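Residue numbers for the sequence shown follow UniProt numbering, so the first one is 1 and each next one is one higher. The beta-carbon is built from N, C-alpha and C at its ideal position, and this holds for glycine as well. Please read all numbers here as calculations on a predicted model, not as lab measurements. Have a look at the structure below before the remarks.
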Amino acid sequence: MSQTVARCNKKYVVKGVTDNKRIDGRACSEFRDVSIGFGLDYGSCVVSLGNSKVMSSVCWEVVEPRITKPFEGLLQINVDLSPMASPHFEFGRISNKLVEIVRIIEKSIRDSKCVDVESLCLIANEKVWSLKVDIVVLNCEGNLIECCSIAALASLCHCRRPEATVCEDKVTIHTFEEKHPLPMRIFHYPFCTSFALFNPSSTIVADPLEIEEQCSEAFVTVAANNLREITTVHMSGKSRVNKETLLKCCNWSILRSKVLSELLLKSIEEDAKERSAGLSGFASKIKTKSSVLSAVRPVKEVIIDEKEPEEMEDEEICQIDSRTKIFRFAPDIVSIGEGGEIAWDVDLDADQIPKEEANETPKVKEKPFKKSKKVKQNIDESDEEIVILEPNEFATK
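Structure, rendered in structure tokens:
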């Protein structure tokens, strides 16, 4: 189910983007902060992009390879959009948004050959490792594609698979206590970066919020790695994207990928130090407010203008005349739905008028009519006489 945006809200968002002002206070070219936290198990992590939060984990099993690729392992990516993340997500329904996210991440990670799938082969044409990345959206505040992309790469880089020994046609899988697990071989880190376009593709908004995605005219997602290579370009929406705008999005995506690659490697190093100190897992991160798992949002400082209220001039103050009075035109008032006779604009008799109102009615003085006189002017004989008649003379004539 898609969410509908009111016209007034859409007009407000578009007007702010045109003036380089956004709802959360960022400029059009600014990105939100990213936090990566790893769990106790290898391959489990939580990624926070602003208020958007995603949890990812990796599981593995031994399966038969594909007929067309007998020397390569399998890599699958699944995304779950639960109603917990947003009220307009329906449980168990495959929506267009879900299909779009999965396909873009598969193209950017699996089709770009960033994972060495040949190292997952145990016995050619018989047994290979199958890795499955499960991504669950915890909270949706926009740009889920980039958030899920970061979570998928973080899980693959943090993942460890058990070592296996092959003796003729027999495969022995060792536990983590018997032999050290093996890390995944990652050649490069292709991160997805999303942009929303406004005002016929002339205004670019980086890392859009959910309401900005719904109000935009076009949506562009570019996947770039730390080697300055573009692996995936995806465009959607009702507006066309010109060449200059697309190149600008690609340049921003390359710079963004470099920052995210450094952040991912730094987070993995910090997790290794915490594991050696025995502080690994989500339990130690929940209590800290700066953690990715913290449910407490930081309170923004509000600047209050402490100016004294301006005094109004005497000319601006509206004064009410003391002689103004209120007159009652009907004795009773009947509200709608209670029944009774209508008492609006009722002609009242003299007995029903209150004495106070009767006394306040101004009296009109009567003036007697005077008899008319003939008016003669110095005019020519050809002109007729002008006679002014009084009202009492109409009956006699």
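Distance CB(residue i)-CB(residue j) smaller than 8 Å
i, j, result
"residue 74", "residue 101", "no"
"residue 218", "residue 241", "yes"
"residue 206", "residue 30", "yes"
"residue 116", "residue 187", "yes"
"residue 127", "residue 64", "yes"
"residue 78", "residue 134", "yes"
"residue 192", "residue 221", "yes"
"residue 202", "residue 57", "no"
"residue 185", "residue 119", "yes"
"residue 70", "residue 124", "yes"
"residue 10", "residue 215", "yes"
Reference residue i, options the options, closest by Cα
i, options, result
"residue 149", "26, 189, 25, 18", "189"
"residue 136", "70, 224, 38, 47", "47"
"residue 26", "53, 170, 204, 38", "204"
"residue 5", "230, 247, 79, 88", "88"
"residue 237", "275, 197, 273", "197"
"residue 52", "17, 185, 33", "33"
"residue 231", "112, 267, 124, 279", "112"
"residue 260", "228, 167, 7", "228"
"residue 61", "235, 18, 132", "132"
"residue 169", "178, 177, 122", "122"
"residue 226", "244, 252, 248, 239", "252"
"residue 103", "141, 146, 130, 66", "146"
"residue 105", "76, 281, 95, 94", "76"
"residue 18", "212, 283, 273, 164", "212"
"residue 280", "45, 95, 130, 248", "45"
Nearest-angstrom Cβ-Cβ length linking residue i and residue j, presumed shorter than 8 Å
i, j, result
"residue 49", "residue 84", "With a Cβ gap of about 17 Å, residue 49 and residue 84 do not count as contacting."
"residue 97", "residue 81", "7 Å"
"residue 174", "residue 183", "Not confirmed; about 15 Å, so no contact."
"residue 180", "residue 43", "That pair is no contact at about 16 Å."
"residue 224", "residue 254", "5 Å"
"residue 263", "residue 36", "7 Å"
"residue 86", "residue 140", "4 Å"
Burial state of residue i, where buried means 16 or more other Cβ atoms lie within 10 Å
i, result
"residue 256", "buried"
"residue 271", "buried"
"residue 92", "exposed"
"residue 23", "exposed"
"residue 299", "Per-residue confidence for residue 299 stands at a pLDDT of 47, beneath the threshold of 50, marking its modelled position as unreliable; no derived number is given."
"residue 166", "exposed"
"residue 153", "buried"
"residue 28", "buried"
"residue 245", "buried"
Every unbroken alpha helix (DSSP H) inside the UniProt domain "Exoribonuclease phosphorolytic" (30-162) [4 residues or more]: 96-109, 144-158
Complete beta strand (DSSP E) runs within the segment 170-225 (minimum length 3 residues, chain order): 170-173, 191-198, 203-206, 218-224
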